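Engineer:
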Amino acid sequence: MKSVLVIGLGRFGRHLCEKLARLGNEVMIVDHNEAIVTELADSVTSAKICDCTDENVLRALGVQNFDICFVCIGSDFASSLLITSMLKDLGAKRIIAKASADMHMRLLLRNGADEVIYPERDSAERIAMRTSASHVFDYIELTEEHAIYEIPPLASWIGRTILELDIRNRYHINILAVKTGETLRPLPGANYTFTGSEHILALASQEDARKLLKKVESNSPVT
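Right, dumping it as structure tokens:
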């Protein structure tokens, strides 16, 4: 469980604070919009109506006591940048800011953000990947070169184990989990036998994933 401060309650900020609270975290929400704060107050640990562009307001919140401070202001970049910079000056342990443009991301990182999230771009990239490749059911980019892909196993894997197939060495992927319906089995052991009803969550480079997907699409035998 972590103590989290969420500043800004637009659509992203609202979804974030509700999910964080459901996961058992202590969540304080802050926004200048009284109606939104009142609506969410019962689902979080504490809620305040105030303007966080005022340094005295941020200081009074005790930002250095939170494990993570989220800045989720998407419509007013000047305020987002100012709040991020002040959080850094006030000793916030970890600052995660929301960006809506590449330039915003770079400026936030230069002015105190430890991490910048770009929900619109990330969502668009995931949708593009899923719809471009017919056998990719989900996609999470980790770096420019590596991602986690949710894909079906090769037909030639069915009835054989991870160890028997020597998957890491032969395909240069790491299987992080197998998913059957809504059931997720993290880190399956070397003796896991593929049934054909599952999807695999594989960590791979783009090049290795592309090669594997070509085999999935063509139902190529193991080579």
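Residue numbers (the numbering used here): 1387 to 1609. For glycine and all other residues, C-beta sits at the position ideal for the given N, C-alpha and C. Note that the structure is a prediction, hence the values are computed from the model and not measured.
1) Could you tell me the boundaries of the beta strand (DSSP E) in which V1522 lies?
2) Measuring CA to CA, which of T1470, N1451 and D1453 is closest to G1460?
3) Shortest alpha-carbon distance to H1418 belongs to which of F1580, I1548 and D1462?
4) Buried or exposed, going by whether 16 or more other CB atoms sit within 10 Å of the CB of S1604?
5) Would the beta-carbon of V1413 fall within 8 angstroms of that of V1390?
6) What residues in its chain sit with their C-beta under 8 angstroms from that of A1563, if we drop five residues either side in the sequence?
7) Have a look at the DSSP bridge pairing and note the partners of C1458.
8) Are S1591 and E1531 close, meaning C-beta to C-beta below 8 angstroms?
9) Taking contact to mean 3 or more Cβ pairs, one atom from each stretch, closer than 8 angstroms, check whether the segment 1471-1490 and the segment 1419-1430 are in contact.
10) Would you call the CB atoms of L1409 and Q1450 closer than 8 angstroms?
11) Can you tell me whether I1513 is buried or exposed? The criterion is at least 16 other CB atoms within 10 Å of its CB, across all chains shown.
12) Using 10 angstroms around the beta-carbon of S1366, count the other beta-carbons present and answer buried if the total reaches 16, otherwise exposed.
13) Going by other Cβ atoms of all chains shown within 10 Å of its Cβ, with 16 needed for buried, is I1544 buried or exposed?
14) Keeping to the same chain, check which residues put their C-beta closer than 7 angstroms to that of Y1535; ignore five residues upstream and five downstream.
15) Give me the Cα-Cα distance between L1402 and T1579, rounded to the nearest whole angstrom.
16) Quick one: complete alpha helix (DSSP H) runs, 4+ long, within the segment 1417-1469?
17) At the level of alpha carbons, what is the spacing between L1395 and T1439?
18) From this set, A1499, L1447, E1420 and E1425, which residue's C-alpha is nearest I1435's C-alpha?
19) Between L1599, C1455, K1479 and M1491, which has its C-alpha nearest A1464's C-alpha?
20) Which stretch, first to last residue, makes up the alpha helix (DSSP H) that contains N1555?
21) Quick check on the DSSP output: the beta strand (DSSP E) that includes R1571 runs from which residue to which?
22) Is it buried or exposed, S1583, if we count other Cβ atoms within 10 angstroms and call 16 or more buried?
23) I need the DSSP call for K1600, collapsed to helix, strand or coil.
Structural biologist: To lay it out plainly:
1) One-based indexing of the sequence shown puts residue 1522 at position 136. Counting along the chain, V1522 falls outside any beta strand (DSSP E), and DSSP gives it neither H nor E.
2) In the sequence shown, residue 1460 corresponds to position 74, counting from 1. Ranking T1470, N1451 and D1453 by Cα distance to G1460 puts T1470 first.
3) To locate residue 1418, count along the sequence shown from 1; it is residue 32. It is D1462.
4) Here residue 1604 is taken as the residue at index 218 of the sequence shown, counted from 1. Classification for S1604: exposed.
5) Looking up residue 1413 in the sequence shown gives position 27. Looking up residue 1390 in the sequence shown gives position 4. Going by C-beta atoms, V1413 is nearer than 8 angstroms to V1390.
6) Locating residue 1563 in the sequence shown gives position 177, where the first residue counts as 1. Same-chain partners within the cutoff: L1570, R1571, P1572, L1573, P1574, I1586 and L1587.
7) Taking the sequence shown and counting its residues from 1, one reaches residue 1458 at position 72. Beta-bridge pairing links C1458 to no other residue.
8) On the sequence shown, position 205 is the one that residue 1591 refers to. On the sequence shown, position 145 is the one that residue 1531 refers to. Yes.
9) no
10) By 1-based counting over the sequence shown, the position of residue 1409 is 23. By 1-based counting over the sequence shown, the position of residue 1450 is 64. Not in contact: L1409 and Q1450 (Cβ atoms no closer than 8 angstroms).
11) The sequence position of residue 1513 within the sequence shown is 127, counting from 1. Exposed is the call here.
12) As shown, the chain starts at 1387 and ends at 1609. That puts residue 1366 outside it, with no answer to give.
13) Stepping through the sequence shown from its first residue, residue 1544 is reached at position 158. Per the 10 Å Cβ criterion, exposed.
14) Indexing the sequence shown from 1 puts residue 1535 at position 149. Its chain contains V1522, Y1525, A1588, A1590 and A1595 as the residues whose beta carbon lies nearer than 7 angstroms to that of Y1535, once the 5 sequence neighbours on both sides are disregarded; these appear in chain order.
15) Numbered from 1 along the sequence shown, position 16 holds the residue referred to as residue 1402. Numbered from 1 along the sequence shown, position 193 holds the residue referred to as residue 1579. Using only the alpha carbons, I get a separation of about 37 angstroms.
16) Entirely contained in the segment 1417-1469, the alpha helix (DSSP H) runs reaching 4 residues are, in chain order, 1420-1426 and 1441-1447.
17) Mapped onto the sequence shown, residue 1395 falls at position 9. Mapped onto the sequence shown, residue 1439 falls at position 53. Rounded to whole angstroms, L1395 to T1439 spans 15 angstroms at the Cα level.
18) As a first step, residue 1435 is located in the sequence shown; it is residue number 49 there, counting from the start. With distances taken between Cα atoms, I1435 lies closest to E1420.
19) Taking the sequence shown and counting its residues from 1, one reaches residue 1464 at position 78. Nearest option by C-alpha distance: M1491.
20) Here residue 1555 is taken as the residue at index 169 of the sequence shown, counted from 1. Per DSSP, N1555 belongs to the alpha helix (DSSP H) from I1553 to Y1557.
21) Your numbering for residue 1571 matches position 185 in the sequence shown. Start and end: T1569 to P1572.
22) For the purposes of this step, residue 1583 is identified with residue 197 of the sequence shown, where counting begins at 1. By the neighbour-count rule (16 or more Cβ atoms within 10 Å), S1583 is not buried but exposed.
23) Working through the sequence shown from its first residue, we reach residue 1600 at position 214. If DSSP states are grouped into helix, strand and coil, K1600 belongs with the helices.
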